[in-house]
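To start, the structure under review is shown below, and the notes come after it.
There are 2 protein chains.
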Amino acid sequence: MSKGLPKRSDDYSAWYNELVKRADLAENSAVRGCMVIKPYGFSIWEKMQRTLDDMFKETGHVNAYFPLFIPKSYLSKEADHVEGFAKECAVVTHYRLKNAEDGSGVVVDPEAKLEEELIVRPTSETVIWNTYKNWIQSYRDLPILCNQWANVVRWEMRTRLFLRTAEFLWQEGHTAHATKQEAIDETKLILDIYADFAEKTLGVPVIKGVKTEQERFAGAVDTYCIEALMQDGKALQAGTSHFLGQNFAKAFDVKFADKEGKLEMVWGTSWGVSTRLMGALIMAHSDDQGLVLPPQLAPIQVVIVPIFRKDEEFEKISAEADRIVKELKAKGISVKYDNRTTHKPGFKFAEWELKGVPVRIGIGPKDLEKGTVEVARRDTLTKEFVQAEGVETYVENLLAEIQENIYNKAKTYRDEHITKVDTWDEFKDVLKNKGGFISAHWDGTNETEDKIKDLTKATIRCIPLDAEDEDGVCVLTGKPSKRRVLFAKAY
Amino acid sequence: MSKGLPKRSDDYSAWYNELVKRADLAENSAVRGCMVIKPYGFSIWEKMQRTLDDMFKETGHVNAYFPLFIPKSYLSKEADHVEGFAKECAVVTHYRLKNAEDGSGVVVDPEAKLEEELIVRPTSETVIWNTYKNWIQSYRDLPILCNQWANVVRWEMRTRLFLRTAEFLWQEGHTAHATKQEAIDETKLILDIYADFAEKTLGVPVIKGVKTEQERFAGAVDTYCIEALMQDGKALQAGTSHFLGQNFAKAFDVKFADKEGKLEMVWGTSWGVSTRLMGALIMAHSDDQGLVLPPQLAPIQVVIVPIFRKDEEFEKISAEADRIVKELKAKGISVKYDNRTTHKPGFKFAEWELKGVPVRIGIGPKDLEKGTVEVARRDTLTKEFVQAEGVETYVENLLAEIQENIYNKAKTYRDEHITKVDTWDEFKDVLKNKGGFISAHWDGTNETEDKIKDLTKATIRCIPLDAEDEDGVCVLTGKPSKRRVLFAKAY
């Protein structure tokens, strides 16, 4: 099954692409840049959605749904916003097809041209703030704390499954507040939720930071982000939370009457994570045998594989397997008994390894005699014999341990790949030979940021929120700097 | 709050439109025909989704996600299908905007024209069967039982919130099978799931039937449906399940090797329900005071309203309310304590009536003295005093009773509005003066079906699955007929 999966050390990119396909996570569709998320991959995404959605709701957010289409003129109302999205958007111009007169099939009906073109939403700030205008009159209508789970389209030229696709799935939160401070607090609250979710559910350690002016969301005053590190030493932006100031309120004229009856502009935030997180999950943990899934997101947490030659052995093993399945399910653990007689145990082992099932239980005739089972861990690829009686408690603890171990392993790697650098030669050397985050001083100018990018392809991932004040000089220009920022090559 | 809600008897249509807006369910967006589903409305839809999704999964279905866009040429591959959808579809022709040279804003960039136009999916059979082609080689790959929750677009000229919108949300199941019988069984299984869901969760009684040839889904061999009746005597198609035969397999060349290695065409089904169900829910139960929600779908099942004059009364009532909230939550009942001091009880009563909260508990100073609370039912608009001690058990039973009563009430109305008719005069009379379903003989021809529609606007809603063989003559033409079908005016 995993035969021929490229090795990470040989070709990380090919390894990723093949893994996504072979583990049945996703595939390219016939539509350029659009993916099909296959059932196994989608069930992981559903678990992410459920967990995040619960976190949003616990903090007072509600879901709603806004239109897929955005009138072209709306995009233009916020100057930076249109600049950021106009170059890569799908444009609906007609609303009907008709039969071609030469019988060659259907063609666009020129008579069904829209008066104003519609853009398939690349993000929904404009259409939502246009709606909020009618929802907000007084301070009593605030805050509004809406989220939506939706598909969005950005016409990317180079696409990769999950990491960059023309259509992707995401959640986008859009909140409106009476005060600047409240909006900033919301932006940070969401950043904390994202970071908790990434670390505790995905098992992916992240650095919280703020983007430079050039890397900001088009239309934001500040963009906060969480940045993760993949096993090839490249960074991946895993979520963003934007403080929008009053930019969209101004663009759509959204005002409220405060307690004194004075009209004020509303403050806003927006924030999102997408199916890109699937890419982060895969690249942070998986190995040359296939996926490694944290138990909290694994569609199947435990698989039981019978090992037998004779039918009577199979029957006895199945009875024991059924017993264990029942015990595990009673603990809320998702378990599959792989009783296919069409495949050998070795094939099954490889298949479930490829698919990242955290725990595999093997049961053979000798196990029945001894009252044991063989428990294999996907994360460490180790196994041991365990008493069959009470194995459900053992597995329950093991799943928690695996969840923790996966995180710790990724964190150790990440921590070892944050390198403080003070000279340009060092910068280039670390980037080339080690990868990861480079913590270096930067003079704060767009020019230097651009130049470093041109020279090395490294970008400023973020100014970490916990960065300490430290006098230094810019690694490229030698100009003074007050704190270090994090550079990396990135997805 | 509910002041000015039109009466159903005066103007049913205006009543519906106003109710949808005032109860905060949905509103029209600035994009023609596209709606905004507001948080309160969306939370009802989320409950529908969750319940249905669980039912699909219990019967072996899995979720996946397929692209939003369909290449124009795909639509044409199934002749009936393109005929059915080409006339009302949103067409993406370009992938970029640019700044207008005269500085007037952004315009479509003519250089960014797509080689082949993309259709925003009106339904996904074509793109999914094109994908299944690669998933299916042998009988071992079957059945495929996929569902997706998605948005779709059909460019309807006349739209109404929830009932008919250009963009709507739905689930679409697409299954592939090795045998005809298995596909038919799947089609019927889903129809049963839809009917159960409509009756037990929405509290809306439905008739299961099969559509006439003309009312069939474009590309189906048979379309099964559930038909509901609204309070104005009009029918509403609440869900459809299609037996596709081998139509899409043939169009996309999807074959499998059977156990003997012989290549066969795959059999298919597709099935869906949409946000239209929100319209059915609203119109089946609600009254002139506002929404009436079945407890299983109510975002708030119980609201507690304090009735007081003095602050010290408010404090004591709040303590008692908090106690009851805790008891109700422990039973899994969603409850809100409306402790706003900015609004009077009468205002609150009207507001929660408008929003359809099934149970309202009122607590005043006298209740505290007597150890009682006042419990009001939304469905019957009746109220009674109940011992405060143990009110949570009373409410739990009451919610179940309300769920049942709402269904029974709708069923009584529906049953009273199925009228057997044997003459054309009777047909017209019932349609005009009573409404509802008319059970009548039909000669089985498209011509007669069309003529009846032209003359009366009534359509054949379905041939009920439980229709008995009965010799008769067509109500219009007098030609022989073997069974009755159901006619009605419909949404």
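Chains as they are written, first to last, in the working numbering: chain W, 267 to 757; chain U, 267 to 757.
We put the beta carbon where it would ideally sit given N, CA and C, even for glycine.
If you're wondering where the values come from, they're calculated on a predicted model, not measured in any experiment.
Pull the bridge partners of His551 of chain U from the DSSP assignment, please.
Locating residue 551 of chain U in the second sequence gives position 285, where the first residue counts as 1. Beta-bridge pairing links His551 of chain U to no other residue.
Using a Cβ-Cβ distance under 9 Å, would Leu427 of chain U count as near chain W?
The residue given as residue 427 of chain U occupies position 161 in the second sequence. Cβ-Cβ to chain W under 9 Å: no for Leu427 of chain U.
For the segment 670-683 of chain W and the segment 716-732 of chain W, state whether three or more C-beta atom pairs, one from each stretch, are separated by less than 8 Å.
no
Rank W:Thr325, W:Ser390 and W:Arg362 by C-alpha distance to the C-alpha of Cys355 of chain W and give the top, closest one.
On the first sequence, position 89 is the one that residue 355 of chain W refers to. The residue with the shortest Cα to Cα distance from Cys355 of chain W is W:Ser390.
Can you grab the Cα-Cα spacing for the pair Gln404 of chain U / Ile410 of chain U, in whole Å?
As a working note, residue 404 of chain U is residue 138 in the second sequence. As a working note, residue 410 of chain U is residue 144 in the second sequence. Residue identity differs from the one stated: residue 404 of chain U is Ser in this sequence, not Gln. Between Ser404 of chain U and Ile410 of chain U, the C-alpha separation is close to 12 Å.
Spell out whether any CB of chain U is found under 9 Å from the CB atom of Leu697 of chain W.
The residue labelled residue 697 of chain W in the question sits at position 431 within the first sequence. Among the CB atoms of chain U, none fall inside 9 Å of the CB of Leu697 of chain W.
Kindly provide the ranges of any beta strand (DSSP E) runs that are 3 or more residues long and lie completely inside the segment 614-647 of chain W, ordered along the chain.
625-629 and 638-643
List the endpoints of the continuous alpha helix (DSSP H) containing Met321 of chain W.
One-based indexing of the first sequence puts residue 321 of chain W at position 55. Met321 of chain W -> alpha helix (DSSP H) spans Pro305 to Glu324.
So, do the segment 537-548 of chain W and the segment 564-572 of chain W have three or more beta carbon pairs nearer to each other than 8 Å?
Contact between the segment 537-548 of chain W and the segment 564-572 of chain W is absent, with fewer than three C-beta pairs closer than 8 Å.
For the beta strand (DSSP E) holding Asn417 of chain W, just list the boundary residues, first then last.
Position 151 of the first sequence, counting from 1, holds the residue named residue 417 of chain W. Taken as a continuous stretch (DSSP letters only), the beta strand (DSSP E) holding Asn417 of chain W covers Ile410 to Val419.
Could you compute how far the alpha carbon of Asn365 of chain W sits from the alpha carbon of Leu547 of chain U?
Residue 365 of chain W sits at position 99 when you count from the first residue of the first sequence. Residue 547 of chain U sits at position 281 when you count from the first residue of the second sequence. Roughly 39 Å separates the two Cα atoms.
Could you check where the beta strand (DSSP E) with Asn294 of chain W kicks off and where it finishes?
Locating residue 294 of chain W in the first sequence gives position 28, where the first residue counts as 1. Ala292 to Asn294 is the span of the beta strand (DSSP E), which, as asked, contains Asn294 of chain W.
May I ask you to list, following chain order, the residues of the segment 302-318 of chain U that have a beta carbon less than 9 Å from some beta carbon of chain W?
Val302, Ile303, Lys304, Pro305, Tyr306, Gly307, Phe308, Ser309, Trp311 and Glu312
Strictly below 7 Å CB to CB, what residues from chain W border Val286 of chain U?
Looking up residue 286 of chain U in the second sequence gives position 20. At a C-beta separation below 7 Å, Val286 of chain U has no neighbours in chain W, since its nearest C-beta there lies roughly 14 Å away.
So, at 7 Å on beta carbons, what are the nonlocal neighbours of His707 of chain U in its own chain, with the 5 sequence-adjacent residues on each side left out?
Taking the second sequence and counting its residues from 1, the one referred to as residue 707 of chain U is at position 441. In the same chain as His707 of chain U, and ignoring 5 residues on each side of it, the C-beta atoms closer than 7 Å to its own belong to Gly738, Val739, Cys740, Val741, Ser747 and Arg750, in chain order.
Is Met267 of chain W helix, strand or coil when you go by DSSP?
Position 1 of the first sequence, counted from the first residue, corresponds to residue 267 of chain W. Below a pLDDT of 50, predicted positions are generally treated as unreliable, and Met267 of chain W, at 44, falls in that range; the measurement from the model is reported next regardless. Coil at Met267 of chain W, not helix or strand.
With a cut-off of 8 Å on the beta carbons, I'd call Glu383 of chain W and Val357 of chain W a contact; round off their distance for me.
Taking the first sequence and counting its residues from 1, one reaches residue 383 of chain W at position 117. Taking the first sequence and counting its residues from 1, one reaches residue 357 of chain W at position 91. Contact between Glu383 of chain W and Val357 of chain W holds: their C-beta atoms lie close to 5 Å from each other, under 8 Å.
Considering just the uninterrupted stretch of the alpha helix (DSSP H) at His707 of chain U, what are its terminal residues?
The count along the second sequence starts at 1 and reaches residue 707 of chain U at position 441. Unbroken run through His707 of chain U is the beta strand (DSSP E), Phe703 to His707; no alpha helix (DSSP H).
By how many angstroms is the C-alpha of Tyr660 of chain U removed from the C-alpha of Lys576 of chain U?
In the second sequence, residue 576 of chain U corresponds to position 310, counting from 1. In the second sequence, residue 660 of chain U corresponds to position 394, counting from 1. Their Cα atoms are separated by approximately 29 Å.
Is it buried or exposed for Ser275 of chain W, if we count other Cβ within 10 angstroms and need 16 for buried?
Counting from one through the first sequence, the residue named residue 275 of chain W turns up at place 9. It counts as exposed.
Sorted by chain position, which residues of the same chain lie with C-beta nearer than 8 Å to Cys412 of chain W's C-beta, five sequence neighbours on each side aside?
Translated into the one-based positions of the first sequence, residue 412 of chain W becomes position 146. Hits under 8 Å: His327, Val328, Asn329, Ala330, Ile394, Gly439, His440 and Thr441.
How about Phe433 of chain W: is its C-beta nearer than 9 Å to some C-beta of chain U?
Taking the first sequence and counting its residues from 1, the one referred to as residue 433 of chain W is at position 167. In the sequence as presented, Phe is not what sits at residue 433 of chain W; that position holds Glu. Judged by the 9 Å Cβ criterion, Glu433 of chain W is in contact with chain U.
Closer than 8 Å to a non-hydrogen atom of the ligand FAD - does that hold for the CB of Ala494 of chain W?
No copy of the ligand FAD appears in this structure; indeed no ligand is present at all.
Ends of the beta strand (DSSP E) at His508 of chain W?
Position 242 of the first sequence, counted from the first residue, corresponds to residue 508 of chain W. Per DSSP, His508 of chain W belongs to the beta strand (DSSP E) from Ala501 to Gly511.
Leaving out five residues before and five after Ser342 of chain U in sequence, what residues of the same chain have Cβ atoms less than 7 Å from its Cβ?
Within the second sequence, the letter at position 76 stands for residue 342 of chain U. If we look at Ser342 of chain U and ignore the five residues flanking it on each side, its Cβ neighbours are Val348.
Between the C-alpha atoms of Ser370 of chain U and Asp346 of chain W, what's the straight-line distance to the nearest angstrom?
Position 104 of the second sequence, counted from the first residue, corresponds to residue 370 of chain U. Position 80 of the first sequence, counted from the first residue, corresponds to residue 346 of chain W. Here the alpha carbon of Ser370 of chain U sits roughly 16 Å from the alpha carbon of Asp346 of chain W.
Does the segment 636-645 of chain W touch the segment 607-614 of chain W, meaning 3 or more C-beta pairs lie closer than 8 Å?
no
Any beta-carbon of chain W closer than 9 Å to the one on His360 of chain U?
Residue mapping note: residue 360 of chain U aligns to position 94 of the second sequence, counting from 1. It does; some Cβ of chain W falls within 9 Å.
Assuming Thr453 of chain U and Tyr490 of chain U are in contact, meaning their beta carbons sit under 8 Å apart, how far apart are those beta carbons, in whole angstroms?
Counting from one through the second sequence, the residue named residue 453 of chain U turns up at place 187. Counting from one through the second sequence, the residue named residue 490 of chain U turns up at place 224. Indeed they touch by this definition, with Cβ atoms about 6 Å apart.
Would you call the CB atoms of Leu502 of chain U and Met549 of chain U closer than 9 Å?
Indexing the second sequence from 1 puts residue 502 of chain U at position 236. Indexing the second sequence from 1 puts residue 549 of chain U at position 283. Cβ distance < 9 Å, so Leu502 of chain U and Met549 of chain U count as in contact.
Using only alpha-carbon positions, find the residue among W:Val372, W:Met321, W:Ala352 and W:Lys323 that is nearest to Tyr340 of chain U.
Start at 1 with the first residue of the second sequence, and residue 340 of chain U comes out as number 74. Checking every option, the nearest Cα to that of Tyr340 of chain U belongs to W:Val372.
Just list the beta strand (DSSP E) runs in the segment 423-505 of chain W, keeping only unbroken ones of 3 residues or longer that don't cross its boundaries, in chain order.
433-443, 473-476 and 488-495
Any beta-carbon of chain W closer than 9 Å to the one on Trp760 of chain U?
Residue 760 of chain U is absent from the structure shown; chain U starts at 267 and stops at 757.
Among residues of its own chain, excluding the 5 on either side of Leu731 of chain W, which ones have a beta-carbon nearer than 6 Å to its beta-carbon?
Taking the first residue of the first sequence as position 1, residue 731 of chain W is located at position 465. Same-chain partners within the cutoff: Lys474 and Gly475.
I believe Ala296 of chain U touches Asn396 of chain W by the beta-carbon criterion, under 8 Å. Please report the beta-carbon distance rounded to the nearest angstrom.
Stepping through the second sequence from its first residue, residue 296 of chain U is reached at position 30. Stepping through the first sequence from its first residue, residue 396 of chain W is reached at position 130. Yes, they are in contact, since the Cβ atoms of Ala296 of chain U and Asn396 of chain W sit about 6 Å apart, within 8 Å.
Thinking C-beta only, is Val568 of chain W closer than 9 Å to Ile492 of chain W?
By one-based count along the first sequence, residue 492 of chain W stands at place 226. By one-based count along the first sequence, residue 568 of chain W stands at place 302. No; because the gap between Cβ atoms is not below 9 Å, this pair is not in contact.
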